[in-house]
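Visitor: Have a look at the structure that comes next, please.
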Amino acid sequence: MLDKIILVACFIFIITGCSNTLINKQNAQLGTRPYYLINDMDAGDLKAQLESCSEGPFYRTDFSIGHRGASMQYPEHTKEAYTAAARMGAGVIECDVTFTNDNELVCRHSQCDLHTTTNILAIPELAAKCSEPFIPADAKNAVTASAKCCTSDISLSEFLTLKGKMDGANMQATTAKQYMQGTPNWRTDLYATNGTLMTHKQSIALFKALRVKMTPELKSPEVSMPFKGMTQEQYAQKMLDEYMQMGIPASRVYPQSFNLDDVKYWINNNPDFADQSVYLDGRDSDAGFDPSNPQTWQPSMDELVTNGVKILAPPIWMMLKIDKESNIVPSQYAIAAKAAGLELIAWSLERSGPLNQGGGYYYQSIADVINNDGDMMKVVDVLAQDVGVMAIFSDWPATVSYYASCNKMPASL
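Convert by adding 642 to the 1-based position in the sequence shown; the result is the number in the working numbering.
The following block contains the structure:
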């Protein structure tokens, strides 16, 4: 009955802004961080504009993607991180997909990161199954602590007994307990006491309940394929099959991979998912790659389009450069991608620590003009207005949601 009343009111009073009534059904709860960043900005038009939006309204938008959830302060790929991301206005949330030793799909950033993102080393019977057991640091011989625990080392039922923790390891540890206490000092363990790990299917059910879109990333296996009878193509297909089995329309899914062959497989064999399949560009690890030199891009932008790719997702730094007046502007890579007809998604905002020393990997092409946390909002603005990205991954989605709401970007449907 209430929905009927709202619809009638919208019909009668549409000129007076009933769209806000509908948007408010998905109000975003941003917290204080966006305000901290804006307060830290250099004085100027952009700061003034963002300050003018301080009272909202703030709403959910597909421009904001929860990178592993809200992983700046919650254990990544846990129910808690995902739920926080949705509350912060992320219209799309990511589950990185890998598999257990019984070929069941689960959400982890890497097949072999359980030793840094879960409590597996605190459970002797599971720690004993790790590919490489914990080895303590030996300062005298300049040996750092190490371990390697993979989802493919354990079964699905065993995986679900683990608890997520903040990603990190103490490389000087002499005990497994010390090794697990390696959270970077710019994150927090305040919400990391009971992270709930999830299967891929559980993430789909949660995202459906949260009314967000989904962007699963097929992670590169760290075991030889086929693995227990599952080929790479079967693995790629299994991921999409789980969406279809759970009744999720392809229009709400953005499958992604750093492996171009995975993306081409989806395009050629799953036409309903073709337009939203995302090629994650990690070619900066190739020798000689230069975002200012098209000759180093293999394949070229036009070749990607010929292969059916419609969405390209590079790291932030590859799309930006500094001009002669010390302004942040689109790189040749970004200009060429848009000219070829490719949509762009940026990753990953707020994955670095404080920006007073240039921001590290994600800001390397513009490090000379990055010197405070407020510059993060300047980067978002250039990506949105000048590069024209369709979305930004963030470890703290509220930052991007604030910007998108302030600029009246479309609300998530």
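Using N, Cα and C, we set each Cβ at its ideal position, and we do this for glycine too.
1. Could you tell me whether the Cβ atoms of residue 1030 and residue 1013 are closer together than 9 Å?
2. Can residue 839 and residue 758 be called in contact, C-beta distance under 9 Å?
3. Drop a sphere of 10 angstroms on the beta-carbon of residue 787, count the other beta-carbons inside from all chains shown, and report buried for 16 or more, exposed for fewer.
4. Which of helix, strand or coil does DSSP assign to residue 1049?
5. Would residue 899 pass as a contact of residue 864 if the rule is Cβ separation under 9 Å?
6. Helix, strand or coil, according to DSSP, for residue 849 in the structure here?
7. Do residue 960 and residue 996 have their C-beta atoms within less than 9 Å of each other?
8. Per the contact definition of three or more C-beta pairs closer than 8 Å, is the segment 741-761 in contact with the segment 797-811?
9. Would you give the residue range spanned by the beta strand (DSSP E) that residue 990 belongs to?
10. Buried or exposed: residue 881, going by 16 or more other Cβ atoms within 10 Å of its Cβ?
11. Given a cut-off of 9 Å, decide if residue 852 and residue 725 are closer than it, judged by their beta-carbon atoms.
12. Output yes or no for whether 9 Å exceeds the beta carbon distance between residue 1054 and residue 734.
13. Using the Cα positions of residue 736 and residue 707, report the straight-line distance between them to the nearest angstrom.
14. Name the two residues that bound the continuous beta strand (DSSP E) containing residue 789.
15. Once you ignore the five residues that flank residue 814 on each side, which residues in its own chain have a CB closer than 6 Å to its CB?
16. Taking the alpha-carbon of residue 727 as reference, which of 671, 847, 885 has the nearest alpha-carbon?
17. Pull up the DSSP beta-bridge partners for residue 921, would you.
18. Around the C-beta of residue 826, are 16 or more other C-beta atoms found within 10 angstroms, so that it is buried, or is it exposed?
19. When you compare only the Cα positions, how much space is there between residue 1005 and residue 1021?
20. Among 1024, 883, 925, which residue has its Cα nearest to the Cα of residue 895?
21. Measuring alpha carbon to alpha carbon, tell me which residue in 835, 808, 832, 905 is nearest residue 824.
22. Can you tell me whether residue 995 is helix, strand or coil according to DSSP?
23. By how many angstroms is the C-alpha of residue 710 removed from the C-alpha of residue 595?
24. Who are the near neighbours of residue 1051 in its chain, counting only those whose CB is closer than 7 Å to its CB and skipping five residues on each side?
25. Select from 989, 948, 971, 944 the residue whose C-alpha is nearest the C-alpha of residue 955.
Guide: Judging by the given coordinates:
1. no
2. no
3. buried
4. coil
5. no
6. helix
7. no
8. yes
9. 985-991
10. buried
11. yes
12. yes
13. 7 Å
14. 788-790
15. 779
16. 671
17. 899, 954
18. exposed
19. 9 Å
20. 883
21. 808
22. coil
23. An answer regarding residue 595 cannot be provided, because it is not within the stretch 643 to 1055 covered by the chain.
24. 703, 705
25. 989
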